[in-house]
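Student: Got a structure for you, questions after.
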Amino acid sequence: MAVNSRPFFAAMTSLFLLLGSFDATAGGTAAAAITDVRFGVLDLTPRDGAAAGYDIRSVEPSLFAYLYAGTTDYYAAGYPDPSMPGTVQLDFGGATVAARTSGALADVASAAAGDASLGSYGTAGATANQAVHFILRPHTVLTIGGHLSALAARDGTPDEYYEATSMAHVGIVDEHGYTFTQFIRQSLSFADWPDRMVIDEDFMLAFANGSAEDRAMSVYFQAQSNVTRIMPVPEPSAGALLGAGLLLLGLRAVTRRRAR
C-alpha cells in the first residue's frame with residue numbers, strides 16, 4: 227500500500243508543538259495520531275432504485291491525561307463539543323502529557339514525555355478517543371479510510387530506563403456491541419526492543435449492511451501514548467559479592483566447629 231508521509235510528519239509536528247514544555251532530553255517519549263479520516267459508501271444493489279447511504283446519529287469525543295510520580299497523582303478529562311477543537315494537558319517537572327482533537331471528524335492524537343521527575347515506577351499517559359455512531363441504509367457498505375501514526379522512543383542512563391508505548395486503534399462495533407473488525411498499530415520501546423520505533427500507515431476498513439432494514443453501528447477511534455520510568459534492582463558490586471562469599475565461608479566454618 228502506498229504511504230504518504232506528509233500526514234505523519236504533520237501529525238507529529240502538531241503533537242510536539244502541543245507539548246509546550248516538551249524536553250528534548252526526556253528519557254521516554256510516545257505519540258499517536260489518527261488523521262485524514264474519510265467515510266464512503268458502496269451500493270450492494272445499485273439497480274433496486276434505493277440509494278445507499280448513512281446518517282451520523284452522534285459523535286462522542288473524550289480526552290484523558292494522567293501523571294503518577296510516587297505520591298503525586300494527577301488526572302484530567304475533557305469532553306469537547308464534536309465540532310470544536312479540544313485539548314487536555316498535564317505537566318509535572320519535565321514530564322508532559324496531552325490528548326487532543328482538532329474538531330475534524332475522527333481526528334485524535336495523544337503524546338507523552340517522561341523524565342526523572344516521574345521518580346521510581348512513575349508513569350505518564352494520555353488517550354484521545356472519538357466514537358462515531360451511524361445508521362446505515364439497506365444494502366450499504368460503509369468504508370472507513372485514513373492515516374495513522376505511532377512513535378515510541380527512549381534514552382536511558384546507566385541507573386534508569388524507560389518504557390514507551392503508543393497505539394492507534396480503529397474498531398467497528400455492530401448494534402449488539404460485537405467488535406466486527408479492527409485495525410491496531412502499536413509502537414514499543416523497552417527492554418531489548420529498539421530505542422525508537424515509528425509506524426506510519428494508511429488504513430481501510432469496511433462494514434456491510436446486507437439487510438433490507440436500516441442498521442445501527444459505530445466506529446471507535448483511539449490514540450494512546452504512555453511512558454513509564456523503571457528503576458531496575460541494582461546489581462551488587464564484585465567487592466560486595468566477594469565479602470558475602472567470605473562471610474558465608476566463615477559461618478560454615480563456625481558451624482562445623484560447633485558440630486564437632
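So for the sequence shown, my numbering puts the first residue at 227; every next one is plus one.
Heads up, the beta-carbon is just placed ideally off N, CA and C, and yes, glycines get one too.
The model shown is predicted, which means the values in this text are computed figures rather than measured ones.
Let's test the definition: count the other Cβ atoms within 10 Å of the Cβ of Arg273 and tell me whether it reaches 16, buried, or not, exposed.
Tutor: The residue is exposed, with fewer than 16 neighbouring Cβ atoms inside 10 Å.
Student: What does the Cβ neighbour count give for Met430, buried or exposed, with the cut at 16 atoms within 10 Å?
Tutor: Classification for Met430: exposed.
Student: Within 10 Å of its beta-carbon, does Asp341 have 16 or more other beta-carbons around it, so buried, or fewer, so exposed?
Tutor: With 16 or more Cβ atoms within 10 Å of its Cβ, Asp341 is classed as buried.
Student: Are Leu377 and Val424 touching if we call contact CB-CB under 8 Å?
Tutor: Contact: yes.
Student: The beta strand (DSSP E) that contains Ala354, what's its start and end?
Tutor: Here the beta strand (DSSP E) through Ala354 covers Thr349 to Leu362.
Student: Would you call His402 buried or exposed, if buried means 16 or more other Cβ atoms sit within 10 Å of its Cβ?
Tutor: Classification of His402: exposed, given that the 10 Å Cβ count is below 16.
Student: Please name the residue or residues paired with Phe406 in a DSSP beta bridge.
Tutor: Answer is none; Phe406 lacks a bridge partner.
Student: Could you check where the beta strand (DSSP E) with Met393 kicks off and where it finishes?
Tutor: Looking at the DSSP string, the run of the beta strand (DSSP E) that includes Met393 is Tyr387 to Asp400.
Student: Checking the sheet assignment: what are the DSSP bridge partners for Pro420?
Tutor: BP columns for Pro420 are empty, so no partner.
Student: Under the three-state reduction of DSSP, which class applies to Ala276: helix, strand or coil?
Tutor: Coil.
Student: Kindly give me the distance between the Cβ atoms of Ser336 and Ala449, rounded to whole angstroms, as I take these residues to be in contact under 8 Å.
Tutor: Indeed, because the Cβ distance is near 5 Å, the residues count as touching under 8 Å.
Student: Would you identify the three-state DSSP class for Ser343, choosing helix, strand or coil?
Tutor: Of the three classes helix, strand and coil, the one that applies to Ser343 here is helix, per DSSP.
Student: Between the stretch 270 to 284 and the stretch 356 to 370, can you find at least three pairs of beta-carbon atoms closer than 8 Å?
Tutor: Yes, the stretch 356 to 370 touches the stretch 270 to 284.
Student: Hey, Phe416 and Glu389: beta-carbon distance below 8 Å or not?
Tutor: Against a cut-off of 8 Å, the Cβ pair of Glu389 and Phe416 comes out as a contact.
Student: Report the CB separation of Ala256 from Val445 in whole angstroms; it is logged as a contact under 8 Å.
Tutor: Incorrect: roughly 24 Å between the Cβ atoms, too far for contact.
Student: In this structure, how does DSSP classify Ala438 when only helix, strand and coil are distinguished?
Tutor: Ala438: coil per DSSP, three-state reduction.
Student: Determine the burial state of Gln315: buried for a count of at least 16 other Cβ atoms within 10 Å of its Cβ, exposed for fewer.
Tutor: By the neighbour-count rule (16 or more Cβ atoms within 10 Å), Gln315 is buried.
Student: Restricting to Cα atoms, I'd like to know which of Ala438, Gly253 and Gly436 is closest to Leu344.
Tutor: Per the Cα distances, Gly253.
Student: Quick check: what's the CA-CA separation for Asp418 versus Met443?
Tutor: Roughly 41 Å between the two C-alpha positions.
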